[in-house]
Amino acid sequence: MEQAQRQPRHYLGIGRAAMGLSALGMAASAAIAYPYADSFSLGTQVAAHLALPVSAAVFKLGYVVRLAAHHAMGNFQAG
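Using numbering that gives the first Met the number 0, read the sequence shown as starting at 0 and increasing by one per residue.
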């Protein structure tokens, strides 16, 4: 029983980490793509623009993993 309860907590941590890291990635790529664009090469700016939707998708996946972990632990109020 303890192993079954430990697994959702592991996925909860993974979901939170994915959300945190992707939020940092979004902030960094938005900063490179827009306000500090003059300081970076065109290739870096293109990569930053491409990284924005990718990091947003990772954030959303992390949120779904987090919600699934809460559901598995019986916390139906998490949102």
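Think of the CB as a built atom: it goes at the ideal place given N, C-alpha and C, for glycine as much as any other residue. Bear in mind the structure is a predicted one, so any value in this text is a computation, not a measurement.
Rounded to the nearest angstrom, the Cβ distance from Ala68 to Leu11 is 4 angstroms, consistent with a contact under 8 angstroms.
A residue is called buried when at least 16 other Cβ atoms come within 10 angstroms of its Cβ; Ala47 meets this threshold and is buried.
The alpha-carbon of Val45 is positioned some 8 angstroms away from that of Ala32. One thing to note: Met18 has its Cβ within 9 angstroms of the Cβ of Tyr62.
Note on geometry: alpha-carbon atoms of Gly14 and Gly42 lie some 31 angstroms from one another. In chain order, Phe58 place their CB closer than 7 angstroms to the CB of Ala22, counting only its own chain and leaving out the 5 sequence neighbours on each side.
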